[in-house]
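Remarks on the structure that follows.
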Amino acid sequence: MNLITTLEADLKARNRKNWHVFLIIQKALVEQHFKWLKMEVKSETKSLYGRGNLIVNGKNYDIELYYSPFFDIRFDRIYIRDKSIQYSSKIHLYSDMSLCLYHPVIDKPIMQIVPLFKMIPWITEWIVFYNQWKKYGVWLNKEIKH
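Sequential numbering from 248 applies to the sequence shown in our numbering.
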């Protein structure tokens, strides 16, 4: 195990140990910047839960999200609850239908987490690129194939 891997494991362990404080801070940051999301810390699952409606180009999208240091690989699970969006690896979705907004290794800052409030604008960006994908058949944003 190299030094960076060790330090990142330590950061994750600290976030897990102090999970409630960690999630309260994430909740406050989201609520400060995004009034359309209603956030709640779920003690039983040690996670932050959020739900809200996002309007992009006149269309309403029901957004549901979970954030926890206990999730594997990445802390976020962000969903667009829209039955018209079907799974395809070409549109940056994980098999559980959560959005792929960044590469959890390459795009994550070294020895840091990606705070939830920084991901929220990426939801709109994902929707824009999704609609372009439906129109043109190619994902027009940068990507790393899964």
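Yeah, the Cβ is synthetic: ideal placement off N, Cα and C, and Gly gets one too.
Any 3 or more C-beta pairs closer than 8 Å across the stretch 275-288 and the stretch 248-260: Segments in contact, no.
What separation, rounded to the nearest whole angstrom, lies between the Cα atoms of R324 and Q273? Numbered from 1 along the sequence shown, position 77 holds the residue referred to as residue 324. Numbered from 1 along the sequence shown, position 26 holds the residue referred to as residue 273. Their Cα atoms are separated by approximately 14 Å.
With 16 as the cutoff for other CB atoms within 10 Å, does L254 come out buried or exposed? Your numbering for residue 254 matches position 7 in the sequence shown. So L254 counts as exposed.
Drop a sphere of 10 angstroms on the beta-carbon of R261, count the other beta-carbons inside from all chains shown, and report buried for 16 or more, exposed for fewer. As a position in the sequence shown, residue 261 is number 14, starting the count at 1. Exposed, by the Cβ-count rule.
Is Y313 near Y296, with beta carbons less than 7 Å apart? As a first step, residue 313 must be located in the sequence shown, where it is residue number 66. As a first step, residue 296 must be located in the sequence shown, where it is residue number 49. In contact: Y313 and Y296 (Cβ atoms closer than 7 Å).
Opening and closing residue of the beta strand (DSSP E) in which I310 lies: As a working note, residue 310 is residue 63 in the sequence shown. In the DSSP assignment, I310 falls within the beta strand (DSSP E) that extends over K306 to Y314.
Please report the residue range of the alpha helix (DSSP H) in which K289 lies. Start at 1 with the first residue of the sequence shown, and residue 289 comes out as number 42. Where K289 is concerned, there is no enclosing alpha helix (DSSP H), although the beta strand (DSSP E) it sits in stretches over L284 to K289.
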